[in-house]
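The listed protein sequences derive, respectively, from chains A and B.
Here the first sequence is numbered in numbering that gives the first Met the number 0, starting from 0 and rising by one per residue.
Here the second sequence is numbered in numbering that gives the first Met the number 0, starting from 0 and rising by one per residue.
All C-beta atoms, glycine included, are put in the ideal place defined by N, C-alpha and C.
Accompanying notes for the structure given below.
Number of protein chains: 2
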Amino acid sequence: MHYEDAKAKFIQSWGTLGSAWGINKAMGQIHALLLVSEEPLSTEEIMEDLQISRGNANMNIRGLIDWGIVEKVYKPGERKEFFKAGKDILELARQVSRERRRREIEPVMRVLDEVQEISDGDDKEIAHFKEMTGKLGEFTKQIDGALDKFVRSDKNWFFNMIMRMMK
Amino acid sequence: MHYEDAKAKFIQSWGTLGSAWGINKAMGQIHALLLVSEEPLSTEEIMEDLQISRGNANMNIRGLIDWGIVEKVYKPGERKEFFKAGKDILELARQVSRERRRREIEPVMRVLDEVQEISDGDDKEIAHFKEMTGKLGEFTKQIDGALDKFVRSDKNWFFNMIMRMMK
DNA sequence: TAAAACTTTCAATAATTATTGAAAGTTAAA
DNA sequence: TTTAACTTTCAATAATTATTGAAAGTTTTA
Chain A
0 MHYEDAKAKF IQSWGTLGSA WGINKAMGQI HALLLVSEEP LSTEEIMEDL QISRGNANMN
60 IRGLIDWGIV EKVYKPGERK EFFKAGKDIL ELARQVSRER RRREIEPVMR VLDEVQEISD
120 GDDKEIAHFK EMTGKLGEFT KQIDGALDKF VRSDKNWFFN MIMRMMK
Chain B
0 MHYEDAKAKF IQSWGTLGSA WGINKAMGQI HALLLVSEEP LSTEEIMEDL QISRGNANMN
60 IRGLIDWGIV EKVYKPGERK EFFKAGKDIL ELARQVSRER RRREIEPVMR VLDEVQEISD
120 GDDKEIAHFK EMTGKLGEFT KQIDGALDKF VRSDKNWFFN MIMRMMK
């Protein structure tokens with residue numbers, strides 16, 4: 000396979016994965032492109048490579064920066080901004096976990112808590128509702144705790160964990 | 000809070016969570032509704048409760064059945080189908096893991112493997128590309144392995160794991 | 001077999017989300 | 001300053017995805 004084909008295939012696949020995870024395609028593709036680019040890229044280069052507009056490139060680069068997985072790089076003597084993706088995969092996973100925790104798990108946990116405060120309604124229904132949402136809340140809390148641990152942990156922790164899980 | 004409000008809030012929140020995870024809103028909402036309903040519900044009841052059309056209800060119920068997290072129930076003496084969501088949250092998580100593994104992780108792992116077969120192109124670029132996708136592949140494989148273990152495991156395994164992770 | 005009760009499909013439409021591109025905004029060099 | 005290089009914004013448009021509802025399909029009962 001030629002490099003260009005492999006690269007296109009990877010970018011395409013990373014974009015698709017993004018979509019399945021609620022991240023838009025362009026954002027996934029830009030991230031993939033930056034991952035495989037040794038040198039930081041400018042907005043121009045990203046636009047050119049992925050054939051997308053300036054606005055689109057700009058917005059999604061900002062999105063990636065918000066996620067904390069892409070950063071600005073200033074090249075000496077150059078006026079424009081360049082961007083690069085962190086190359087440490089474990090750190091990437093950690094950062095994504097951190098953000099998803101904050102953006103998705105926290106809100107749902109808050110609702111599951113709030114919703115425990117029912118006082119009014121049919122007793123049997125209430126009992127079942129509370130039981131269900133209560134269990135969901137407990138489970139979510141456990142996952143959240145584990146993720147928090149992961150997010151804060153050092154490299155070894157993760158590998159040890161995986162090893163222990165697998166054996 | 001009144002039961003109806005709590006229920007609506009939970010359904011809404013579950014739908015939103017679904018969207019963030021690439022599952023459409025109606026599907027998430029139907030799942031939430033079935034989770035909190037003690038009795039299995041008919042298509043009619045779902046349509047009514049969520050104010051959605053028959054086609055929409057039907058398609059998304061099928062979707063949930065495809066995910067393996069909702070099942071048909073036949074009530075004696077009733078001609079129509081009823082649906083219920085499994086009430087075991089751990090089993091739900093397991094089933095979702097199983098499906099996401101199959102639908103998302105497997106395809107991306109396949110691409111990461113395929114893409115290792117580059118022969119043609121700039122040497123330095125190729126080296127970096129292979130390194131990046133290789134690392135991504137390894138990491139993905141580890142996560143996949145851990146998920147597989149989780150999917151196959153029994154109840155205790157999960158709680159022990161969480162306990163070990165947390166301490 | 002016919003009719004009733006139900007489920008599925010699918011073309012049309014609506015709603016949502018992504019993308020464009022040009023104008024406005026900003027910063028740095030001349 | 002003024003101009004040039006660059007970034008951001010945003011209304012318009014395109015593309016995608018979800019939803020509707022009625023017709024077609026299926027199964028059961030009479």
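query, result
"What residues in the region 12 to 24 of chain B have a beta carbon less than 7 Å from any beta carbon of chain A?", "S12, L16, S18, A19, W20, G21"
"Tell me which residues share the same chain as K74 (chain A) and place their Cβ nearer than 8 Å to its Cβ, disregarding the 5 neighbours each side in the sequence.", "P39, F81"
"Listing by chain order, which chain B residues have their CB less than 9 Å from the CB of K8 (chain A)?", "V110, E113, V114"
"Confirm, please, whether the CB-CB distance from K140 (chain A) to M108 (chain A) is below 8 Å.", "yes"
"Tell me whether V72 (chain A) sits in a helix, a strand or coil according to DSSP, three-state version.", "strand"
"To the nearest angstrom, how far is the alpha carbon of A5 (chain A) from that of V114 (chain B)?", "5 Å"
"Could you please give me the residues that DSSP links to S41 (chain B) through a beta bridge?", "B:F81"
"Apply the 10 Å Cβ neighbour rule to Q50 (chain B) and answer buried if 16 or more other Cβ atoms are within range, or exposed otherwise.", "exposed"
"I117 (chain A) to A7 (chain B), Cα distance in whole Å?", "12 Å"
"Can you find at least 3 beta carbon pairs, one from the region 57 to 69 of chain B and one from the region 81 to 94 of chain B, that sit closer than 8 Å?", "yes"
"Nearest-angstrom Cα distance between D48 (chain A) and D147 (chain B)?", "37 Å"
"Between I60 (chain A) and chain B, is any beta-carbon pair separated by less than 8 Å?", "no"
"Run through the DSSP bridge pairs and tell me what D119 (chain A) is partnered with.", "B:H1"
"Would G27 (chain B) be called buried (16 or more neighbouring beta carbons within 10 Å of its own) or exposed?", "buried"
"Since I104 (chain B) contacts D153 (chain B) with CB under 8 Å, what's their CB separation in whole angstroms?", "Not confirmed; about 22 Å, so no contact."
"To the nearest whole angstrom, what separates the beta carbons of Y2 (chain A) and E124 (chain B), a pair I think is in contact under 8 Å?", "6 Å"
"So with Cβ pairs under 8 Å, would you call V107 (chain B) a contact of chain A?", "yes"
"So the alpha helix (DSSP H) S96 (chain B) belongs to, where does it begin and stop?", "88 to 99"
"To which residues of the same chain is I10 (chain A) closer than 7 Å at the C-beta, ignoring the five residues directly before and after it?", "Q28, A31, L32"
"Tell me, please, whether the CB atom of F138 (chain B) is closer than 8 Å to any CB atom in chain A?", "yes"
"What's the call for F128 (chain A), buried or exposed, on a 16-neighbour Cβ count within 10 Å?", "buried"
"I'd like the span of the alpha helix (DSSP H) that includes V35 (chain B), first residue to last.", "24 to 35"
"What residues in the region 124 to 136 of chain A have a beta carbon less than 7 Å from any beta carbon of chain B?", "E124, I125, H127, F128, M131, T132, K134, L135"
"Taking Cβ positions only, does H1 (chain A) come closer than 8 Å to chain B?", "yes"
"Using the C-alpha atoms, what's the distance from W156 (chain A) back to R93 (chain A)?", "12 Å"
"Just mark G54 (chain A) as buried or exposed, buried being the case when its beta carbon has 16 or more other beta carbons within 10 Å.", "exposed"
"Under 8 Å by Cβ, that's how I've got I88 (chain A) and F149 (chain B) pegged, so tell me the actual separation to the nearest angstrom.", "Not really, about 20 Å apart at Cβ, beyond 8 Å."
"Indicate the three-state DSSP secondary structure (helix, strand or coil) for D112 (chain A) in the structure shown.", "helix"
"On a CA-only basis, which of A:R78, A:W66, A:D119 is nearest N23 (chain A)? Give me that one, please.", "A:W66"
"Specify the secondary structure class of Q11 (chain A) as computed by DSSP and reduced to three states.", "helix"
"For I197 (chain A), go through chain B and note every residue whose CB falls closer than 7 Å to its CB, in chain order.", "Here chain A has residues from 0 to 166 only, and residue 197 (chain A) is not among them."
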